[in-house]
Structures are given as structure tokens and as C-alpha cells.
Amino acid sequence: MERSYYVATANAFAPASKLEGEISADVVVIGGGYTGIHAALNAVERGFSVVLLEAGKIGWGASGRNGGQMIPGWRKGAVELIATFGEARAKVMCDLGLEARALTLARISKHKIQCDLRENGHLTLASKPADLNWMRAEVEALSKTMGYSGSRVVSAEEARAVADAPGFHGGLRDGGGGHLHPLNYAHGLAGAARDAGVQLYEGSRVLRVDTSEGVVAKTEAGVVRARYGVMACDALLGDLDARLAVRIMPVANYLVATAPLTDLPVRDDLAVSDSRFVVNYFRMSADGRLIFGGGERYTPHPPSDIAAFGRKHMGGVFPQLANAAIDYAWGGLVSISMSRLPHVGRFGDLFFAHGYSGQGVLLPALTGKVLAEAMAGTAERFDVLASIAPPEFPGGAALRSPLYVLGMLWYALRDRL
Ligand SMILES: Cc1cc2nc3c(=O)[nH]c(=O)nc-3n(C[C@H](O)[C@H](O)[C@H](O)COP(=O)(O)OP(=O)(O)OC[C@H]3O[C@@H](n4cnc5c(N)ncnc54)[C@H](O)[C@@H]3O)c2cc1C
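If you want our numbering, it's the position in the sequence shown, counting the first as 1, plus 766.
Following this line, the structure appears as C-alpha cells:
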């Protein structure tokens, strides 16, 4: 994280102190990424007193390391949602996905968050000619069933005019997409939460959560006693709660930022990704660098040279950048669920949301709001999200990793073939 472009260009954020001693609140939130901060902000706005405990620094999990790509909706597209849930439920899901985008933009605007926001759209490049078939079906389902007319299929020429990369066959352009500086967005949200009255603590890893009477979160040096709790630890959950761990798989992913470029490989300030299973994603930073992510690894150990790892994948997409100077290289853990849909729910008074499967820049604005709604007694939308819970990984926490790695390697191999 220290070697990321985002830390190098972070806005000032006053650090929070470590929790010491015993305090009480209406709500204790565990985890200071987008999910935790949005839940805390929404809860405090509803009149709850809120304490947020972050193990490390605010925004230093996936929320401050990601590609910054704002991709509206869920990791499953409209066609798949309809096939899985039927038209009526899929439409509700689609509306919720679009609401997540609107809520994110509203937060950035309301709190005047300086995060290099760009709203020019997102382009998914077709890596194979056959991808255009599902892209056409997706545009049709979005417009006919979901009433969303913001996406369209573009030709290979139009795609090349945006992303100067050979070998793509066109793409799916969604006008609702965009990108932002993820760490500055997290810091801006946390600042707004602090201003609204949320008590933030950093360096305060929760070691145990006891739910026998309310929710009691214990750190090394302190205790928070609360009526409700929110688990918002995502891929960094570790062994804090085995019931949550079996629904997600942490997958390591790496990014690089080039030196500022004069010949922009991505134009129109779009966020771009490709249609491979092991996805490549890229965009320009506000100061003209290509920020490129890709090449998952199925071990938690980073490559010995992250810049070289990223350069290899970047050069595969943009041959003209095979020798480009790389100024920053970093990585993080993405949480993937079996269904690629998030796991939202509650165990009594302990709420949770995690497992956005690589699409968690926009969705936490929704999940955080919906969790606070449920705490306040309105569970309609919470129930919708809880009803899409992904299944457990086969073999539970012990076997999920080797079995899943085998599956992922199979798909990665298919990408290559
Ligand atoms: C490399 C990478 C690239 C990505 N690119 C994109 C992208 O371009 N677009 C997109 O939409 N999504 C992307 N994602 C996914 C997105 O970043 C995540 O879905 C989202 O940030 C999840 O937010 P979160 O708050 O749930 O989790 P996090 O941001 O990971 O926050 C969890 C927090 O909980 C804390 N924590 C963990 N355990 C404890 C404990 N015991 N006590 C206290 N605190 C604890 C952690 O320290 C951490 O700060 C990417 C993710 C990664 C890693």
C-alpha cells in the first residue's frame, strides 16, 4: 500500500487514535473501508451513536487500493440476473444497482469530496468476437426489461479510438460508469462521518465479537458495547467470523501506475476493462498516468517484483507500453463470492455486507444505507439483498482455497486458449 499511487497523491487526513478502555454506543462498526464508513455515516444520520473500529488505517484495505473503476450494477449482468431471479426480481436488483451509483455521486457532491471524479462512462472490451453476442443481449435486456438505456455496443473502431490496444473486437459502453481516486474517496467519506459524529478509531483490530448480549467488540486495549454491530471487513476478515469466511474467497490482485504519458493509451477519460475471466482494467489518472490492474494470483504472497508482474500484463494489452516507466506498483485482496453477488445479512443484531467480487466501489453506498435502514426498523430493501446470499464455498473455509484455485486456473486457461 505504501508504494501505491494513491498514497503518494492522498489528500491530508487526520489520523484517528487507538481505542483504549471501555465505551458504549448504539452501533459498533468493524472495518474502515467503504462498507463500514457508509454504514457508519448512514447510521449516525439516523440518530444512532456510532463507533467505527479499524484494524489498520482508514481506507487502507481494498477501498484505498482499487482500480477506482465505477461500474454501475452488479458483477452479474442483466441477462444473468433475469436467468437467475426472473424478470421482476432482476428489475429490483437492477434498480438497486443504479441507486448505488446515484448514492455514491450524491455523497461525493454533498460532502464535496475531492477524488478526481470522472463520469464519462465505462467500456468493457470484447476480448473474443463471440463476446459481442452477449454484449448485444445485455444491451437489449437492460433497455427492454430494466428500462435502462445508458449502454450500447460499440464497433472495434470505436473501441480502438478509446483504448489504443490491438486485438479487441468492439465493446459495451455504459454511460453511467466513471472513475475516481479510491483512497481520497474513502478519506472524504470518513471525514464526513467524523464531522457527523462517528467516533473513528484506527490501529484497533477487533479480536473477538460477542453477541450474547447486544454486540460487544473487543480489541487488544479496549471494548465497545453496542446494541448493533456491523461486520465490514471484506477480504481482510481473517478468522474473525467463520460464518462469513466460508462465503468469500480472498484473491490477490495487483496494479501499476506508469509515469505521466504524452500519448494517452485511454482517451475520453473512460474507465475500461476487458471481458477476460482474469480481467484487465485500466484508466488514466488525473495527472496522465495509466493505472493498470490485472493478472490475479491465487496465493496471498505478492510477486517478488510487482512492477514487473504488472508490466507483463500491461504490455500484453498495450504493446507500446511494454517498456514504459512504472512509478508505482501495489496490490490488494479482492473478495470473490461463489455467485459473484455480495453477501448481505445479519446474525441477530450483528449485520454484515461483503463479497462484492471486484465491483465494490459503488455498491457499498447502497449496502451501508440498507444496513442502517434495517437497524432503524425498515428491512424491505435489506431483505431483498439478504435473499441473494451467495452459497458457501464447497469444503468450507479449509477447502475453499485449493478447490477454488483449481476452478480459477481452468478459467484462466480458457482465457489463454
Ligand atoms: C486491487 C483491487 C482492485 C479493485 N478494483 C476495483 C474497481 O476498479 N472497481 C470496483 O468497483 N471494485 C474494485 N475492487 C473491489 C473494491 O475495492 C472492494 O469491493 C471494496 O473496496 C470493499 O470495501 P469494504 O469496505 O467492504 O472492504 P475494505 O476496503 O477491504 O475494508 C475492510 C476494512 O476492514 C478492516 N478490518 C479487517 N479486519 C478487521 C478487524 N478484525 N478489526 C477491525 N478492522 C478490520 C481492514 O483493515 C479494512 O480496512 C478492487 C479491489 C482490489 C483489492
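We put the beta carbon where it would ideally sit given N, CA and C, even for glycine.
Nearest CA to the CA of Ser-1041: which residue from Ala-806, Arg-812, Ala-821, Lys-842? Stepping through the sequence shown from its first residue, residue 1041 is reached at position 275. Residue Lys-842 is the option with its Cα nearest to Ser-1041.
Excluding the 5 residues flanking Gly-969 on each side, which residues of the same chain have their C-beta closer than 6 Å to its C-beta? In the sequence shown, the residue the question calls residue 969 occupies position 203. Closer than 6 Å at Cβ, skipping near neighbours: Lys-784.
Exposed or buried, what is His-1067 when buried is set at 16 or more other beta-carbons lying within 10 Å of its beta-carbon? On the sequence shown, residue 1067 is found 301 positions in, with the first residue counted as 1. His-1067 should be labelled exposed.
Ala-1138 to Asn-832, Cα distance in whole Å? On the sequence shown, residue 1138 is found 372 positions in, with the first residue counted as 1. On the sequence shown, residue 832 is found 66 positions in, with the first residue counted as 1. As the crow flies, the alpha-carbon of Ala-1138 is around 25 Å from that of Asn-832.
Can you determine whether any heavy atom of ligand 1 sits closer than 7 Å to the C-beta of Val-795, and answer yes or no? Residue 795 sits at position 29 when you count from the first residue of the sequence shown. No, the beta carbon of Val-795 sits no closer than 7 Å to any heavy atom of ligand 1.
Check the DSSP bridge columns for His-888 and list the partner residues they point to. Sequence index remark: in the sequence shown, residue 888 carries index 122 (1-based). Answer is Asp-940, Ala-1037.
Are there 16 or more other CB atoms within 10 angstroms of the CB of Ser-770, so buried, or fewer, so exposed? Counted from its first residue, the sequence shown places residue 770 at position 4. When all chains shown are included, Ser-770 counts as buried.
If you follow the beta strand (DSSP E) that His-1109 is part of, which residue opens it and which one closes it? Position 343 of the sequence shown, counted from the start, is the residue given in the question as residue 1109. Bounds of the beta strand (DSSP E) holding His-1109 are 1109 to 1113.
What is the DSSP secondary structure of Arg-993, reduced to helix, strand or coil? Mapped onto the sequence shown, residue 993 falls at position 227. If DSSP states are grouped into helix, strand and coil, Arg-993 belongs with the strands.
Between the segment 926 to 933 and the segment 848 to 866, do three or more beta carbon pairs fall short of 8 Å? Between the segment 926 to 933 and the segment 848 to 866 there are fewer than three inter-stretch CB-CB distances shorter than 8 Å, so the stretches are not counted as touching.
Considering only DSSP beta bridges, list what Leu-818 is partnered with. Along the sequence shown, read from residue 1 onward, the residue named residue 818 stands at position 52. Partner(s): Val-795, Leu-966.
Quick check on Gln-1086: does DSSP put it in helix, strand or coil? Taking the first residue of the sequence shown as position 1, residue 1086 is located at position 320. If DSSP states are grouped into helix, strand and coil, Gln-1086 belongs with the helices.
Run through the DSSP bridge pairs and tell me what Phe-1117 is partnered with. Position 351 of the sequence shown, counted from the first residue, corresponds to residue 1117. Note: Phe-1117 sits in a beta bridge opposite Val-996, Arg-1112.
Comparing C-alpha positions only, which one of Leu-1002, Gly-834, Val-817 sits nearest to Glu-885? The residue labelled residue 885 in the question sits at position 119 within the sequence shown. It is Gly-834.
Exposure label - Gly-1060; buried when at least 16 CB within 10 Å: By one-based count along the sequence shown, residue 1060 stands at place 294. So Gly-1060 ends up on the buried side.
Between the Cα of Met-1015 and those of Leu-1107, Val-1032, Phe-934, Ile-1102, spot the shortest distance and give me the residue it belongs to. What you label residue 1015 is simply residue 249 of the sequence shown in a count that begins at 1. Residue Ile-1102 is the option with its Cα nearest to Met-1015.
Backbone CA spacing between His-1079 and Leu-891 [nearest angstrom]: Locating residue 1079 in the sequence shown gives position 313, where the first residue counts as 1. Locating residue 891 in the sequence shown gives position 125, where the first residue counts as 1. So the two alpha carbons sit approximately 16 Å from each other.
Based on Cα-Cα distance, which residue from Val-919, Asp-882, Gly-913, Leu-889 lies nearest to Trp-900? Here residue 900 corresponds to residue number 134 of the sequence shown, with the count starting at 1. Trp-900 has its Cα closest to that of Val-919, out of Val-919, Asp-882, Gly-913, Leu-889.
Using a Cβ-Cβ cutoff of less than 8 Å, which residues in the same chain neighbour Val-845 once the five nearest sequence positions on both sides are dropped? Looking up residue 845 in the sequence shown gives position 79. So the list reads Trp-900, Ala-903, Glu-904, Ala-907, once near-sequence residues are dropped.
For a test of the three-state rule: what should DSSP assign to Met-767, helix, strand or coil? Reading the sequence shown from its first residue, position 1 is the one you call residue 767. Under the three-state reduction of DSSP output, Met-767 falls in the coil class, being neither helix nor strand.
Taking 7 Å as the line, does the beta carbon of Cys-999 fall inside it for any heavy atom of ligand 1? Translated into positions along the sequence shown, residue 999 becomes position 233. At least one heavy atom of ligand 1 lies less than 7 Å from the C-beta of Cys-999.
Count the other CB atoms within 10 Å of the CB of Gly-1112; is the residue buried (16 or more) or exposed (fewer)? Locating residue 1112 in the sequence shown gives position 346, counting from the first residue. One point to set straight first is that residue 1112 is Arg, not Gly, in the sequence displayed. When all chains shown are included, Arg-1112 counts as buried.
Helix, strand or coil: how does DSSP classify Ala-780 here? The sequence position of residue 780 within the sequence shown is 14, counting from 1. Correct three-state label for Ala-780: coil.
Using 8 Å as the cut-off, can you tell me whether the segment 955 to 963 makes contact with the segment 875 to 889, which would need three or more C-beta pairs spanning the two stretches below that distance? yes
Residues in the same chain with beta-carbon distance under 6 Å from Ile-803, minus the five sequence neighbours each way, listed in chain order, please. Your numbering for residue 803 matches position 37 in the sequence shown. Within the same chain, Ile-803 has close Cβ partners Leu-955, Ala-956, Ala-959.
Exposed unless 16 or more other CB atoms sit within 10 angstroms - verdict on Ser-915: Within the sequence shown, residue 915 is the residue found at index 149, counting from 1. That one is exposed.
Does the beta-carbon distance from Lys-857 to Thr-911 come in below 8 Å? As a position in the sequence shown, residue 857 is number 91, starting the count at 1. As a position in the sequence shown, residue 911 is number 145, starting the count at 1. Yes, the pair counts as a contact, with Cβ atoms nearer than the cut-off.
For Gly-1143, the nearest candidate out of Ile-789, Ala-780, Phe-814 (CA to CA): In the sequence shown, the residue the question calls residue 1143 occupies position 377. The candidate whose alpha carbon is nearest that of Gly-1143 is Phe-814.
Could you please give the first and the last residue of the uninterrupted alpha helix (DSSP H) stretch that includes Ser-909? Along the sequence shown, read from residue 1 onward, the residue named residue 909 stands at position 143. Element bounds for Ser-909: 897 to 910.
I need the straight-line Cα distance from Tyr-800 to His-953, nearest angstrom please. What you label residue 800 is simply residue 34 of the sequence shown in a count that begins at 1. What you label residue 953 is simply residue 187 of the sequence shown in a count that begins at 1. Approximately 10 Å between the Cα atoms of the pair.
With 16 other Cβ atoms within 10 Å as the buried cut-off, status of Gly-787: Residue numbering aside, residue 787 sits at position 21 when the sequence shown is read from its first letter. Result: exposed.
Is the closest heavy atom of ligand 1 to the C-beta of Tyr-1122 under 7 Å? In the sequence shown, counting from the first residue as 1, residue 1122 sits at position 356. Correct: Tyr-1122 has its Cβ closer than 7 Å to ligand 1.
Quick one: give me the first and last residue of the alpha helix (DSSP H) that Thr-801 is part of. Looking up residue 801 in the sequence shown gives position 35. Here the alpha helix (DSSP H) through Thr-801 covers 800 to 811.
Output the boundary residues of the beta strand (DSSP E) element that contains Ser-875. Position 109 of the sequence shown holds residue 875. Element bounds for Ser-875: not the beta strand (DSSP E) but the alpha helix (DSSP H), 853 to 876.
What is the DSSP secondary structure of Pro-1130, counted as helix, strand or coil? Here residue 1130 is taken as the residue at index 364 of the sequence shown, counted from 1. Of the three classes helix, strand and coil, the one that applies to Pro-1130 here is helix, per DSSP.
Counted within 10 angstroms of its Cβ, other Cβ atoms place Thr-870 as buried (16 or more) or exposed: On the sequence shown, residue 870 is found 104 positions in, with the first residue counted as 1. Thr-870 is buried by the Cβ-count criterion.
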